[in-house]
Structure formats: structure tokens, C-alpha cells
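*Asks:* Once you've had a glance at the structure underneath, I'll fire off some questions.
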Amino acid sequence: MKKVLFFLLVFISSVFADMKEGRNFTDLPDVDDGYNIHVIYALPSDGIDKEYDLTNQISMLVYQMDKWFNKKTKNRLFQDGQNLKFDRKEDGRIDISFLRMEIDNVSISKKGINAVNVIQPEISRLGFNDAKKVYFVVYGGSNKDVCASSQLPQHAPKSIIANTAALYYPGKGDDSCIENNGGFKPEFNNTSRAALHEVFHVLGVVPKCAPEHLVFGNEGTINDGIGGHISIPGDIMFSVQSNVTFSKMDNLDMTSKNYYNHSNDCLDLAKSRYVTPTVDDPQLPTYGME
28 MKKVLFFLLV
38 FISSVFADMK
48 EGRNFTDLPD
58 VDDGYNIHVI
68 YALPSDGIDK
78 EYDLTNQISM
88 LVYQMDKWFN
98 KKTKNRLFQD
108 GQNLKFDRKE
118 DGRIDISFLR
128 MEIDNVSISK
138 KGINAVNVIQ
148 PEISRLGFND
158 AKKVYFVVYG
168 GSNKDVCASS
178 QLPQHAPKSI
188 IANTAALYYP
198 GKGDDSCIEN
208 NGGFKPEFNN
218 TSRAALHEVF
228 HVLGVVPKCA
238 PEHLVFGNEG
248 TINDGIGGHI
258 SIPGDIMFSV
268 QSNVTFSKMD
278 NLDMTSKNYY
288 NHSNDCLDLA
298 KSRYVTPTVD
308 DPQLPTYGME
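Numbering (the numbering used here), first residue to last: 28 to 317.
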């Protein structure tokens, strides 16, 4: 009983300490049609607040992700390219919400690649559950296995909400998520690359019907049976069974036949509701299991 009371007092004191000027604890009113990628800086109950939402660290990360996407989409469906539809304030800045969850870091970290499936129900319970939105969570804590992970709508039952991608920062205990050409920096590095890879996942990429869609086999790794990737080295949606992220993953469906600006009936990121300019009849991620 004393132990429970102690942790409760610690959590309450943390909540009061989290109240800082310029911080938003809710999703601000939308300035678009509501179909957007909302960003959350989330801490475990025992997490240390690094103020990444207040020091432009997360905004810089999002800027690098969007800048890369725009560069790779120029002169394809639109001459000036497309941008990811991140949730923004009236002044154009990224709308970032702060959230301290009621789950401790160990309980999340130990889930490894599936930690996002712990985070999503928790942020939903605490009010981040808009059916129009997908959520990109920068989790200020550790993960025993990975630097980032995402829910995969086409590989989830229709009864399950799969709308969240997560970046774990600092992530793995060996600091490899930050030191291996990563970290919050004014460049497109492995941190922004891993984050964008996972955001694409939650937007439905790579669809199961894509010609070069890749599903990992059963080899005794954390990725066993996971789909949503592509079998082309160098593509940002390429991955390997060991979940290693490579700095050479610098292409966006260059053949335009798998997930961007293709001519088949599969989901097409270029026609997503979550990118701008948005086509007249935009698509939403689809769920692939009954």
C-alpha cells in the first residue's frame, strides 16, 4: 500500500511539474478538414520531461520528415510535390500535444516492437481518439528492441484501432537510436528516417496488394510474420528481418508501382487524405483482416 501511495504521489507531482508555458495538453481546433497527422510528445508515468515539444526538437524532426517527402514527390503527381498533412496551428506551426501516460516506462519498453500497441489504447483513453486522425507519438522513454514501430492497418482486424506510429527516444538502452547517425538534428538522418517509415506504415504503406510487398518469414526474430514492407533495397519502406535501419534507404517507390503514384487498384499514398495537395477522391487506410 505504501509503495502504491508513493508512486501515486510521484505521478501527481510530475503532472504539476509538466505544466509549462507554451505547452498544449489537448489537440487544438483544426485549421483543415480534420484529416491530419497529430503529433504527441508522450511520457511514461515515471518519465523525465526533456521539453522536446517546447524546444523545437520535435518540430525540427517533423520538418525534416516532410521536407524529404516533398523532395521525393516533386515532378511526379504534382510538379511541386506533395506534403504530409501534419496537424498545424493557425500560424502554421505544428500542433504538438503533451501527454503524461499512467503507465511506467518498463511496462512499455519491455513490449519491444509491440510497445505502440500499449501506447495507442492509452492515448485514446486519455482523449486522443479522433476517428479522422492518425497519431505520431514521440515517446520520451526506452524500448528494449527498436527505435520506432507502428500499427499496420491492413494487418489489423477491423475491431482494432490501428492509427498510431511511435518513435522511442532515446529508445534502445545502448543509445544506438541516437548515436547511429540519428538524434534530433537539422538533417534527414536515421531518426527522421525511422519515424517517417513508421508514419507511412500507419497511412497504409506498403499495401498487401503491391507487386513487391514483403512479409517476413518465421525466423525467430521480432519481425516474424510482419508485412507492410517492400523487397527493394534502397527504398524507405525496405527493411530486413533484424529491423535494422539503413542510411541508404533514400528512395520513395521509384518505380511508381507499389505505393506511390502507381496505376493499380492498391492504396496509393499520392492519393491519401493525409497528404497535400489532395486529389479529388482521396483514399483512407484500409483494414485487411476480418
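Virtual Cβ for every residue (Gly too), placed ideally from N, Cα, C.
These numbers were taken from a predicted model, which means no experiment stands behind them.
Going straight from the alpha carbon of residue 216 to that of residue 85, what length do you get?
*Replies:* Spanning the two alpha carbons is a distance of roughly 14 Å.
*Asks:* Residue 233 and residue 257 - do their beta-carbons sit closer together than 7 Å?
*Replies:* In contact: residue 257 and residue 233 (Cβ atoms closer than 7 Å).
*Asks:* Please determine, among 126, 173, 235, the residue with the shortest C-alpha to C-alpha distance to residue 76.
*Replies:* Out of 126, 173, 235, 126 has the C-alpha closest to the C-alpha of residue 76.
*Asks:* Here's the rule I'm using: 16 or more other beta-carbon atoms within 10 Å means buried, otherwise exposed. How should residue 44 be labelled?
*Replies:* By the neighbour-count rule (16 or more Cβ atoms within 10 Å), residue 44 is not buried but exposed.
*Asks:* Are at least three pairs of beta-carbons, each pair with one atom in the region 167-179 and one in the region 148-157, less than 8 Å apart?
*Replies:* No contact exists between the region 167-179 and the region 148-157.
*Asks:* Taking the beta carbon of residue 52 as the centre, do at least 16 other beta carbons fall within 10 Å, making it buried, or is it exposed?
*Replies:* The residue is exposed, with fewer than 16 neighbouring Cβ atoms inside 10 Å.
*Asks:* Give every residue of the same chain whose Cβ lies closer than 6 Å to the Cβ of residue 140, excluding the five residues on either side of it in the sequence, and list them in chain order.
*Replies:* Within the same chain, residue 140 has close Cβ partners 172, 173, 176, 249.
*Asks:* If you follow the beta strand (DSSP E) that residue 193 is part of, which residue opens it and which one closes it?
*Replies:* Here the beta strand (DSSP E) through residue 193 covers 191-195.
*Asks:* Suppose contacts are defined by Cβ-Cβ distances below 7 Å. Is residue 298 in contact with residue 238 by that definition?
*Replies:* Contact flag unset, no.
*Asks:* So what's residue 300 in DSSP terms, helix, strand or just coil?
*Replies:* In the structure shown, residue 300 sits in coil (DSSP, three-state: anything other than H, G, I, E or B).
*Asks:* Given a cut-off of 7 Å on the beta-carbon distance, is the pair residue 200 and residue 219 in contact?
*Replies:* No, they are not a contact pair.
*Asks:* Give the list of continuous alpha helix (DSSP H) stretches no shorter than 4 residues that lie fully inside the region 196-271.
*Replies:* Listed in chain order, the complete alpha helix (DSSP H) runs (minimum 4 residues) inside the region 196-271 are 203-206, 217-229.
*Asks:* With H, G and I counted as helix, E and B as strand and the rest as coil, what does DSSP make of residue 148?
*Replies:* Correct three-state label for residue 148: helix.
*Asks:* Let's see if you can read the secondary structure: which residues bound the beta strand (DSSP E) around residue 67?
*Replies:* Start and end: 64-70.
*Asks:* Could you check the C-alpha separation between residue 74 and residue 49 for me, to the nearest Å?
*Replies:* Residue 74 and residue 49: Cα-Cα distance of roughly 20 Å.
*Asks:* Report the rounded CA-to-CA distance for residue 318 versus residue 223, giving the unit in angstroms.
*Replies:* Since the first residue shown for the chain is 28 and the last is 317, residue 318 is missing from the structure and cannot be characterised.
*Asks:* Buried or exposed: which applies to residue 124, given that a residue is buried once 16 or more other Cβ atoms fall within 10 Å of its Cβ?
*Replies:* Residue 124 should be labelled buried.
*Asks:* May I ask you to verify whether the region 105-123 touches the region 182-190, counting CB pairs closer than 8 Å and requiring at least 3?
*Replies:* No, they do not touch.
*Asks:* Compare the beta carbon distance of residue 294 and residue 231 with 7 Å and say whether it is the shorter of the two.
*Replies:* In this structure, residue 231 lies closer than 7 Å to residue 294 by Cβ.
*Asks:* Under 7 Å between the Cβ atoms of residue 166 and residue 190?
*Replies:* Going by C-beta atoms, residue 166 is not nearer than 7 Å to residue 190.
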